[in-house]
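Worksheet: one structure, shown below.
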RNA sequence: GGAGACGUCGCAUAGUCCGGCCUAGUGCACCACCCUGCUAAGGUGGAGUUCCCGUAAGGGAACCGAGGGUUCAAAUCCCUCCGUCUCCGCCA
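Residue numbers (our numbering): 12 to 432.
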């Protein structure tokens with residue numbers, strides 16, 4: 012939910028953002044109109060209600076003789092109050108629907124346009140080169156007996172897999188390293204629920220444009236989360252936070268579930284795009300004025316992880332049209348995947364400013380004692396997908412894979428993964 | 001899954017049977033001031049959240065877990081849902 016005050020006082024900012032995203036600009040005027048209607052409906056209702064309250068006292072203290080006439084009069088008033096109340100409900104529903112469909116105004120500097128209009132901020136670590144024909148991660152996974160997509164499909168269908176042996180160990184090592192990185196920065200670890208109620212799913216914005224990406228369990232009216240961001244954002248829903256000692260930072264460890272409904276035929280091979288994976292997610296609750304600095308901080312941590320894994324990568328400033336409704340800015344880090352000859356997204360970090368917090372009613376107390384929505388940010392610190400880049404980047408001619416130094420302590424000092432015969 | 005109890009303004013509680021004197025009382029904690037004086041007590045006042053009108057001072061409305069309903073009037077009566085607790089059953 013955008014700031015209604017911004018909408019009222021500075022609608023041009025919102026219009027510009029809508030234009031950059033390729034969203035409807037007319038929506039802004041519809042929202043302004045809905046806001047006016049809503050406020051006038053509230054005024055009408057409240058003055059009638061005040062009249063009714065006053066009249067109720069008269070009725071209560073009236074003599075037996077006078078009462079019947081007064082009650083008859085009150086009945087008419089009650090009917091009008093009820094109608095006015097319904098008008099308020101309708102006006103508020105309309106307002107919520109229209110304003111709720113306006114995306115978070117982008118931050119200055121975010122490139123306009125769609126998916127292909129991103130800006131590359133920097134490229135680090137180069138593109139791995141080989142003096143032999145590199146194998147892709149599926150082939151390596153089979154040689155190392157680390158990834159078993161065949162049996163994954165047998166048990167659960169396409170886009171499912173088993174991580175076995177070194178594959179399983181490598182993922183745990185990666186997740187543990189990510190957790191340690193977060194811990195060193197003062198993040199509080201959280202292992203989160205992966206099934207959540209509809210309100211939480213709606214509040215985090217995933218029932219909007221991502222609705223058909225989400226697994227739903229009708230028998231229990233629960234949603235499977237595609238990221239622990241959902242639970243991490245819901246964690247403090249309806250609370251007033253004390254941020255005087257600094258931001259609240261959490262590191263959520265969870266399995267993620269995605270239907271991948273819109274990606275039929277895309278990335279069918281291997282574990283690049285799957286229905287289920289594990290992820291360590293950072294989530295920060297900060298003062299609005301600190302959000303952009305926190306965003307840089309999250310990117311820096313992500314880069315530290317990529318560098319620890321000795322991967323080549325680029326950081327991109329995602330274009331407005333590819334942001335998702337809650338994010339005002341998003342940086343993706345994409346790692347070089349040798350056999351694809353391209354960069355693929357390994358992390359994503361979004362600055363949701365106060366948009367998500369306003370919807371989830373997460374606030375802090377300003378110096379004047381008033382409440383105001385906090386800013387929320389999230390970012391990936393490790394996921395199963397990283398195995399793709401790690402295996403392919405560090406492979407050797409014989410199919411073995413060198414383990415990056417930083418990961419070795421998490422694998423009992425192991426330096427290399429060897430093919431299993 | 002079955003049976004039952006409960007959910008009130010930071011915490012603890014009253015009020016709910018028998019709707020209107022509840023603009024929700026009391027205790028504790030909190031803040032300001034006063035009195036007194038020394039490690040405590042007493043007095044006075046204030047204090048929640050959301051929204052609407054207003055430049056402001058201020059005024060008004062809503063909120064007793066959530067949402068509906070009955071009624072001139074609901075914390076109070078009725079229904080649905082959510083949550084907590086107790087007992088029983090079930091449990092890869």
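Where a beta carbon is used, it is the ideal one built from N, C-alpha and C, also for glycine. Remember, predicted model here, so these are calculated numbers, not experimental data.
- Of the other Cβ atoms in all chains shown, fewer than 16 fall within 10 Å of the Cβ of residue 137; this residue is therefore exposed.
- If you look at residue 178, you'll find it isn't in any beta strand (DSSP E); it sits in the alpha helix (DSSP H) that goes 176–195.
- DSSP, reduced to helix, strand and coil, places residue 99 within a helical segment of the structure shown.
- In the structure shown, residue 396 adopts coil according to DSSP, grouped into three states.
- Residue range 240–245 is occupied by the alpha helix (DSSP H) that includes residue 245.
- Membership of residue 307 in any beta strand (DSSP E) is not indicated; the residue belongs instead to the alpha helix (DSSP H) covering 302–319.
- About 6 Å separates the beta carbons of residue 312 and residue 192, which is inside the 8 Å limit, making them a contact pair.
- The beta-bridge partner set that DSSP reports for residue 389 consists of 294, 361.
- With contact defined as three or more Cβ pairs closer than 8 Å, the region 328–338 and the region 417–427 are not in contact.
- For residue 388 against residue 305, the beta-carbon gap comes to about 5 Å, under 8 Å, which counts as contact.
- In the DSSP assignment, residue 377 falls outside any beta strand (DSSP E), carrying neither H nor E.
- Counting C-beta pairs closer than 8 Å gives three or more between the region 288–302 and the region 232–250, which meets the contact rule.
- About 5 Å separates the Cβ atoms of residue 81 and residue 70, confirming a contact at the 8 Å cut-off.
- Residue 422 sits close to residue 180, with the two beta carbons spaced by under 8 Å.
- Within the same chain, and ignoring the five residues on either side of residue 283 in sequence, the residues whose Cβ sits closer than 6 Å to its Cβ are 399.
- The straight-line gap separating the alpha-carbon atoms of residue 254 and residue 186 is approximately 28 Å.
- The C-alpha of residue 91 lies about 8 Å from the C-alpha of residue 59.
- Residue environment analysis places residue 223 among the exposed positions, since fewer than 16 neighbouring C-beta atoms fall within 10 angstroms of its C-beta.
- Straight-line spacing of the CA atoms in residue 269 and residue 227 works out to 10 Å.
- Where residue 327 is concerned, the enclosing beta strand (DSSP E) starts and stops at 324–328.
- By the CB criterion at 8 Å, residue 331 and residue 124 fall inside the cutoff.
- Just measuring C-alpha positions, the residue of 265, 116, 49 sitting nearest residue 103 is 49.
- Going by DSSP, residue 130 is part of the beta strand (DSSP E) stretching over 130–135.
- 411 is the residue among 411, 417, 95, 218 whose C-alpha sits nearest the C-alpha of residue 154.
- With a 10 Å radius around the Cβ and a threshold of 16 neighbouring Cβ atoms, residue 350 comes out buried.
- For residue 133, the closest C-alpha among the options 42, 345, 23 is that of 345.
- DSSP, read as helix, strand or coil, puts residue 45 in helix.
- In the three-state DSSP reduction, residue 104 falls in the helix class (H, G or I).
- Closest option to residue 140, judged by alpha-carbon separation, among 317, 352, 368: 352.
- As the crow flies, the alpha-carbon of residue 113 is around 7 Å from that of residue 12.
- In this chain, the alpha helix (DSSP H) harbouring residue 163 covers 160–167.
- The C-beta distance from residue 406 to residue 151 rounds to 6 Å, short enough to meet the 8 Å contact threshold.
- For residue 340, the enclosing beta strand (DSSP E) covers residues 340–348.
- In this structure, the CA atom of residue 190 is about 20 Å from the CA atom of residue 287.
- Residue 86 is classed as exposed because its beta carbon has fewer than 16 other beta carbons within 10 Å across all chains shown.
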